[in-house]
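J.: Residue numbers (the working numbering): 507 to 814.
Just so you know, even glycine gets a beta-carbon here, dropped at the ideal spot from N, CA and C.
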Ligand code: FDA
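Here it is, written out as structure tokens:
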């Protein structure tokens, strides 16, 4: 579970400056973030695709505070997508809050319209779109926007968080033909009134959701680095009579890359989630918080002499 102190540090501009100001710090950023601008992430995407995997690209940033900021995020995707003409291999991931869903007055409509523009641009280059899931208060709005988008773009996917009590029922509703569901454990600190809060419970919930998705008619996207749950996904897929390309694994850029390669070499579909953009700090601290060993990487970048 995310370390609270680190999550608080996500707000710190000073720490961001220190990380960006040292070559080791920049190395830590590059390990988890695929670049700051279009050309950089496109180079990384091509390299991953040439190595036999697929990509989903996330323009970093959450929670647009103004309509202009939300429109700028839409424009960032519109600028990126023409460079992703890699039929069937590329996807973008979007956060509705970055596209204005939380703005007062018509936030939902705003987010829907901007996401629709992104879907149309993705369709033009044979790419797909998946909507990330944010904290539990946003799930109903996200699923309702998904529903409207799927009427026009049936391939739009969504992330569901196994940690939420409601998710098993959401999986049942969405395990229908053509539906693409990315199952994740959940990255937000949620209250126990709506979510499982300890790891074994979350893992059990993930396993139950996996079974429902694999037995359903949709296309499951299994987004975890957890070796046991990867095995369970293979088990549920086999039991449900799915072939190895009737679902996919997804992992984050820079995390368990050997496992990504191993699965791809065994013939499984593997999609790497590539975050990019100048707003990398909050994303980076979340990844560091998930694994104490990552903190050592960061600590080294603070040593005197590391800065340059
Ligand atoms: P867990 O955290 O238990 O990790 C299992 C193992 O993976 C660890 O023991 C370690 O070996 C390795 N590992 C995990 N994280 C690591 C790290 N940061 N550094 C090094 N090793 C690490 N969440 C959300 O709420 N909404 C969303 O839309 C998405 N979208 C999304 C897309 C994709 C493709 C992925 C992979 C994940 C997400 N997530 C997400 C994040 C997700 O909810 C979760 O926080 C992380 O994936 C970590 O959980 P794991 O399932 O990997 O298990």
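Between which residues of its own chain and residue 746 is the CB-CB distance below 6 Å, once the five residues before and five after are set aside?
T.: Counting only Cβ-Cβ distances below 6 Å, and skipping sequence neighbours, we find 720, 721.
J.: Take every Cβ of the segment 766-782, pair it with every Cβ of the segment 750-758, and state whether three or more of those distances are shorter than 8 Å.
T.: The segment 766-782, when compared against the segment 750-758, does touch it at the 8 Å Cβ threshold.
J.: Ignore the nearest five residues each way along the sequence and tell me which others in residue 821's own chain have a CB closer than 8 Å to its CB.
T.: Because the chain in this structure spans residues 507 to 814, residue 821 falls outside the shown range and cannot be described.
J.: Could you say which of 605, 725, 715, 798 lies nearest to residue 752 if we only look at CA atoms?
T.: Checked all of 605, 725, 715, 798; the closest Cα to residue 752 is 725.
J.: Throw me the rounded Cβ distance for the residue 790 and residue 535 pair, which I believe falls under 8 Å.
T.: The Cβ separation is near 6 Å, so the contact holds.
J.: From the DSSP output, read off the bridge partner residues of residue 755.
T.: Answer is 728, 776.
J.: Leaving out five residues on either side along the sequence, give the residues of the same chain with a beta carbon under 7 Å from the beta carbon of residue 723.
T.: So the list reads 681, 682, 683, once near-sequence residues are dropped.
J.: Quick one: Cα of residue 599 to Cα of residue 697, how far?
T.: Rounded to whole angstroms, residue 599 to residue 697 spans 26 Å at the Cα level.
J.: With DSSP collapsed to three states, give me the class of residue 676.
T.: Helix at residue 676.
J.: Let me check understanding here. Comparing Cα to Cα, which of 732, 602, 739, 575 lies closest to residue 796?
T.: The shortest Cα separation from residue 796 among 732, 602, 739, 575 belongs to 732.
J.: Taking 6 Å as the limit between beta carbons, can you name the residues of its chain near residue 713, skipping five residues before and five after?
T.: The answer, listed in chain order, is 738.
J.: Have a look at 666, 633, 603, 587 and flag the residue whose alpha-carbon is nearest the alpha-carbon of residue 545.
T.: Of the candidates 666, 633, 603, 587, the one whose C-alpha sits nearest the C-alpha of residue 545 is 587.
J.: Report the residue ranges of all beta strand (DSSP E) runs contained in full by the segment 587-620; include only those spanning at least 3 residues, in chain order.
T.: Runs found: 596-600.
J.: Can you give me the Cβ contacts of residue 614 inside the same chain, cut-off strictly under 8 Å, excluding the 5 residues immediately before and after it?
T.: Result list for residue 614: 607, 647, 650, 651, in chain order.
J.: In the DSSP assignment, the beta strand (DSSP E) including residue 665 goes from what residue to what residue?
T.: Where residue 665 is concerned, the enclosing beta strand (DSSP E) stretches over 663-667.
J.: Using alpha carbons as the reference points, say which of 685, 664, 686, 643 lies closest to residue 671.
T.: Checked all of 685, 664, 686, 643; the closest Cα to residue 671 is 643.
J.: CA-CA distance, residue 761 and residue 773?
T.: Answer to the nearest angstrom: the Cα atoms are 20 Å apart.
J.: Between residue 550 and the ligand FDA, is the CB less than 7 Å from at least one heavy atom?
T.: Answer for residue 550: no, Cβ out of range of the ligand FDA.
J.: Excluding five sequence neighbours on each side, which residues of the same chain lie with their C-beta closer than 6 Å to the C-beta of residue 603?
T.: Cβ within range, chain order: 568, 569, 640.
J.: Whole angstroms are fine: how far does the CA of residue 561 sit from the CA of residue 551?
T.: Roughly 6 Å between the two C-alpha positions.
J.: Is residue 710 buried or exposed, if buried means 16 or more other CB atoms sit within 10 Å of its CB?
T.: The residue is exposed, with fewer than 16 neighbouring Cβ atoms inside 10 Å.
J.: For a test of the three-state rule: what should DSSP assign to residue 716, helix, strand or coil?
T.: Three-state DSSP puts residue 716 in a helix.
J.: Name the residue from 529, 559, 539, 770 whose alpha carbon lies nearest to the alpha carbon of residue 788.
T.: Considering only alpha carbons, the answer is 539.
J.: According to the Cβ coordinates, are residue 675 and residue 691 closer than 8 Å?
T.: No, these two residues do not count as a Cβ contact at 8 Å.
J.: What's the C-alpha gap between residue 591 and residue 632?
T.: One C-alpha to the other measures close to 7 Å.
J.: Have a look at 612, 533, 605 and flag the residue whose alpha-carbon is nearest the alpha-carbon of residue 582.
T.: The shortest C-alpha separation from residue 582 is found at 605.
J.: Starting from the Cα of residue 571, find the closest Cα among 563, 610, 596 and give me that residue.
T.: Checking every option, the nearest Cα to that of residue 571 belongs to 610.
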